[in-house]
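Asks: The sequence shown maps to residues 152 to 263 in the numbering used here.
Next up is a structure, given as structure tokens.
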Amino acid sequence: MAPKLQDYNKSKRIIVEEDIQIPQGSENIIIAKLDGNGLSTGIVEASERNDGLLIARSLVQMDNQIPVRIANISDKKIILKKSEVLGHCEPVQKIVKCEEVNQAQTNQARKM
């Protein structure tokens, strides 16, 4: 059964594909998978963690596999287990250059 169009525009979970060790004080890019495909660009959003693992926000193509930048700022290694949820990927509706936003704000301020 083919997915419905509205299913492509939903948030997808970001899942670890295999057990990975992240050494203390290191930064890596790992390949994770989404729990479904999307047709659009998405933004990576981390789950709340308190173990010293940081997950960078980034724009990605919402394919089955996505790159995820992670940093271990703790003083011990962190083990990510297969099928662990790192966060979610939200579809992006529109990407706007900063200059466009600044110009729109300037124009709005002039009208006041």
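Built from N, CA and C at the ideal position, the CB exists for glycine as well.
(1) Distance check for Val219 and Gly203, CA to CA, integer angstroms please.
(2) Restricting to Cα atoms, I'd like to know which of Gln172, Glu168, Lys163 and Val167 is closest to Asn223.
(3) To the nearest angstrom, report how far apart Ile180 and Asn258 are at their CA atoms.
(4) For Lys163 versus His239, is the C-beta distance shorter than 8 Å?
(5) Glu235 by DSSP, collapsed to three states: which one?
(6) By how many angstroms is the C-alpha of Ser234 removed from the C-alpha of Val211?
(7) Ignoring anything shorter than 3 residues, give me the beta strand (DSSP E) runs that lie fully in the stretch 156-184, in order along the chain.
(8) Do Lys232 and Pro174 have their beta-carbon atoms positioned less than 8 Å apart in this structure?
Replies: In terms of the structure at hand:
(1) Distance between the alpha carbons of Gly203 and Val219 is about 16 Å.
(2) When the alpha-carbon of Asn223 is set against those of Gln172, Glu168, Lys163 and Val167, the nearest one is in Gln172.
(3) 40 Å
(4) Cβ distance < 8 Å, so Lys163 and His239 count as in contact.
(5) DSSP places Glu235 in coil when its eight states are reduced to three.
(6) 20 Å
(7) 163-167 and 171-173
(8) no
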